[in-house]
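Undergrad:
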Amino acid sequence: MGHTDMIGQIDQVQGFIQKWNYPNQQSTLEAEWGTVANIRFLLSSIGSISPNASLLGNNVYNLFTAGRESYCAIEQDGYSASFIYRPPIYDGPLALNASCGWKMAETPRLLNDEWIFNMRCTLA
Amino acid sequence: MSSPLNAILNGTFTADSNGDQVTLSLPSGATEFEIFDLAGWGSSTSQIMTAKGYAALPAGSALTGTTSAGEALTYATVSTGGFTFFQDSANQPVGAPIVNAAGGITKANGAVLTSGTLYPVGSVIRVYNTTAMLQIAGMDFSVTASGAGTMTLGYLNSSAFANAATANSLINMPFAAVALSSGAIAPDPRFYPRRRYITAITQATNAVVTMSVAHAFTVGEKVRIIVPAAFGMTQLNNYLATITAVNYTTNTITLDTSTVGYTAFAFPTSAVAAAGVTFAQVVPVGEAAVNTSALPVANLLNDRTRNVSVNGVVIGSAMLVATHTYGWIAKNGLTVTS
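Same order as they appear, the protein sequences are chains A and B. So in the working numbering, the last one in the first sequence is 356, and the numbering has no gaps at all. So in the working numbering, the last one in the second sequence is 341, and the numbering has no gaps at all.
Written out as structure tokens, the structure is:
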């Protein structure tokens, strides 16, 4: 998982295969850009950047690499998360206040931190 | 949790013994904020009794009302030291780069950095381009003393380095590494606790690890210790440790493992660092095994996955009197365009 600024760098990695070149398109993800061996790159314009974090002050891009079952989200009670909006009429007879909130019975947890890496790199 | 969209919230807080700035968490955010000095009410000393801020004004602005008992309120406007409203504490911009072409960093236990721009004690700065001292280039540090053109990096012992730095550049990170009630916008982005860079590890029955930025670890937490080959003590690399003691003054944690006989921990030379190294780190991986008033249920297993980002307002120290209790009202109203 990383930032879309990394596209030009990832494209040049030896052995990189574009998503469109996969033999099977059915299990690709929307954010997926491609793969090197068994590492799939998922990119986003809000991917993680550490500003001025290199030796010479260049931005460092964080490419989080997580193995299968390195983390999990335990969904208790058979459901995940709910976003709840109540219009003002539910607040009181004068309908003064609206509210919103969320509730969830989902618990994200690390299962094996040794299967999670942060590959940090700058742009060439 | 839930939060009203259009809210009038209120509460109280007490300024610390230094009258340092206070950061309040307001889940709904606020368009207007006001404080009242409850402890100073009726005092014969002329002081700010009330102050009001608006989110639409520049950061640090306020309308203040100063008076003493029985006297008329005197209003004034200030443009610094007032109120700063913020949305999402973990997504604040970093400070502008500061280039100190002739600014060095000393070789000392508590390295001293020379800079034309200074940040207050408790700030976190990211240092880079540290000519001749590249082994710390790219690392974050807490400022432990500030003034007279220098900032002290109190958790760095650079006395064994070959050379002092002859130049440096830095940026101010938009968070403090300490409690929510003081420092900059927020304690740490975004998940508690954060990883920390290591500046020293002792060779002892229970290893003591010093970190470059003030930490918030607690006893019982599990951390992964990363020590790349360039930092010497590779026997400890990738060790999953339990924290047995913490010291927030020396900024250390004590581990449940012996490092007696291990290779000494040491920074690489500047030349080695110039070729690229990964810093030694403490990476939190889970488990809070002790009860605290803030976290009363043990073993929640939520460390490292607990989001501590907040919306809110920073109340500048110029608005506050040390140890006084203040009442506050925050309003987040519907915006009507005309």
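In this text, a Cβ means the ideal position worked out from N, Cα and C, and glycines have one as well. It should be emphasised that the depicted structure is a prediction, and the values quoted were computed from it without experimental measurement.
1) Please confirm whether B/I174 and A/P320 have their CB atoms less than 8 angstroms apart.
2) Using the DSSP secondary-structure output, state which residues sit across from B/V249 in a beta bridge.
3) Would you tell me roughly how many angstroms separate the C-alpha atoms of B/V146 and B/Y158, rounded to the nearest one?
4) Which residues in chain B have a C-beta closer than 8 angstroms to the C-beta of A/L355? List them in chain order.
5) For B/R199 and B/N171, what's the separation of their Cα atoms in angstroms?
6) Measuring only between beta-carbons, confirm whether B/G141 sits less than 8 angstroms from chain A.
7) Any beta carbon from chain B within less than 8 angstroms of A/G299's own beta carbon?
8) Distance check for B/S118 and B/P100, CA to CA, integer angstroms please.
9) Please check if any C-beta of chain B sits within less than 8 angstroms of the C-beta of A/D358.
10) I'd like to know if A/L342 contacts chain B, where contact means its C-beta is closer than 8 angstroms to some C-beta of that chain.
11) Taking the straight line between their C-alpha atoms, what separation do you get for A/S259 and B/F89?
12) With 8 angstroms as the threshold, decide whether the Cβ of A/A263 is near any Cβ in chain B.
13) Identify whether A/Q257 lies in helix, strand or coil by the three-state DSSP scheme.
14) Which whole runs of the beta strand (DSSP E) in the stretch 103-141 of chain B are 3 residues long or more, in chain order?
15) List, from N- to C-terminal side, the beta strand (DSSP E) runs of 3 residues or more that fit wholly inside the stretch 281-314 of chain A.
16) Leaving out five residues before and five after A/M238 in sequence, what residues of the same chain have Cβ atoms less than 6 angstroms from its Cβ?
17) Within a Cβ cutoff of 6 angstroms, which residues of the same chain sit near B/A346, ignoring the five residues on either side of it in sequence?
18) Tell me which residues share the same chain as A/C332 and place their Cβ nearer than 8 angstroms to its Cβ, disregarding the 5 neighbours each side in the sequence.
19) Suppose you measure from the CA of B/T338 to the CA of B/N9; what does that come to, to the nearest Å?
20) Short of 7 angstroms Cβ to Cβ, which residues in the stretch 250-283 of chain A face chain B?
21) Tell me the DSSP bridge mates of B/P61?
22) Please classify B/I332: does DSSP put it in a helix, a strand, or coil?
23) I'd like to confirm the pairing. Which residues does DSSP put opposite A/R318 in its beta bridges?
24) Just the C-alpha distance for B/S184 and B/N21, rounded to the nearest angstrom, thanks.
25) Is B/M236 closer than 8 angstroms to B/T266 when the C-beta atoms are compared?
26) Distance cutoff 8 angstroms, beta carbons only. Does B/N166 sit that close to anything in chain A?
27) For B/N13, which three-state DSSP category applies?
28) Using the beta-carbon of each residue, which ones in chain A are nearer than 8 angstroms to B/Y131?
29) When DSSP labels each residue in this structure, what does B/N94 get in the three-state scheme?
30) Whole angstroms is fine: what's the gap from B/T281's alpha carbon to A/N256's?
31) Between the alpha carbons of B/A187 and B/T87, how many angstroms are there, rounded?
32) Answer with yes or no whether the minimum CB distance from B/V222 to chain A is below 8 angstroms.
33) Chain A beta carbons: is any one of them nearer than 8 angstroms to that of B/G85?
34) For A/T236, which three-state DSSP category applies?
35) Does the stretch 105-117 of chain B come close enough to the stretch 161-170 of chain B that 3 or more CB-CB pairs lie under 8 angstroms?
36) Drop a sphere of 10 angstroms on the beta-carbon of B/E37, count the other beta-carbons inside from all chains shown, and report buried for 16 or more, exposed for fewer.
TA: Checking against the coordinates, here is how it stands:
1) Between B/I174 and A/P320, the C-beta spacing is not below 8 angstroms.
2) In the DSSP output, where bridge partners are listed per residue, B/V249 has B/I256.
3) Put simply, the backbone Cα of B/V146 is about 9 angstroms away from that of B/Y158.
4) Using a Cβ-Cβ cut-off of 8 angstroms, A/L355 is close to nothing in chain B; its nearest Cβ partner there is about 15 angstroms away.
5) Rounded to whole angstroms, B/R199 to B/N171 spans 21 angstroms at the Cα level.
6) For B/G141, the answer is yes, since a Cβ of chain A falls inside 8 angstroms of its Cβ.
7) Chain B places no beta carbon closer than 8 angstroms to that of A/G299, leaving this residue out of the contacts.
8) Their Cα atoms are separated by approximately 12 angstroms.
9) The structure shown does not extend to residue 358 of chain A, since chain A is modelled only from 233 to 356, so the question has no answer here.
10) Among the residues facing chain B, A/L342 is included, as its CB has a counterpart in that chain under 8 angstroms away.
11) Each residue's alpha carbon lies about 40 angstroms from the other.
12) Not one chain B Cβ lies under 8 angstroms of A/A263.
13) The three-state reading of DSSP puts A/Q257 in coil, since its state is none of H, G, I, E or B.
14) Runs of the beta strand (DSSP E) inside the stretch 103-141 of chain B: 112-117, 126-131.
15) Within the stretch 281-314 of chain A, the complete beta strand (DSSP E) segments at least 3 residues long are 292-298, 303-307, listed from N- to C-terminus.
16) Y293.
17) Since the first residue shown for chain B is 4 and the last is 341, residue 346 of chain B is missing from the structure and cannot be characterised.
18) Here A/C332 has F315, I316, Y317, R318 as same chain residues with Cβ atoms under 8 angstroms from its own Cβ, once five neighbours each way along the sequence are excluded.
19) Their backbone Cα atoms lie some 10 angstroms apart in a straight line.
20) Here the close residues are P283.
21) Note: B/P61 sits in no beta bridge, so no partner.
22) If DSSP states are grouped into helix, strand and coil, B/I332 belongs with the strands.
23) Answer is A/S331.
24) Low confidence applies here, because B/S184 scores a pLDDT of 40, under 50, leaving its location unreliable and the question unanswered by this model.
25) Contact: yes.
26) Not one chain A Cβ lies under 8 angstroms of B/N166.
27) In the structure shown, B/N13 sits in a strand (DSSP, three-state: E or B).
28) Below the 8 angstroms Cβ cutoff, chain A contributes N284, A285, S286, L287, L288, G289 as neighbours of B/Y131, in chain order.
29) It is helical.
30) Looking at the two C-alpha atoms, the distance is approximately 37 angstroms.
31) Bear in mind that a pLDDT of 46 at B/A187, under 50, signals an unreliable position, so the number given afterwards is only what the model happens to contain. When only Cα atoms are considered, B/A187 and B/T87 end up about 10 angstroms apart.
32) No, because no Cβ of chain A sits closer than 8 angstroms to the Cβ of B/V222.
33) So, not an interface residue.
34) A/T236 falls in the helix class under three-state DSSP.
35) Yes: the two stretches touch, three or more of their Cβ pairs being nearer than 8 angstroms.
36) Buried.
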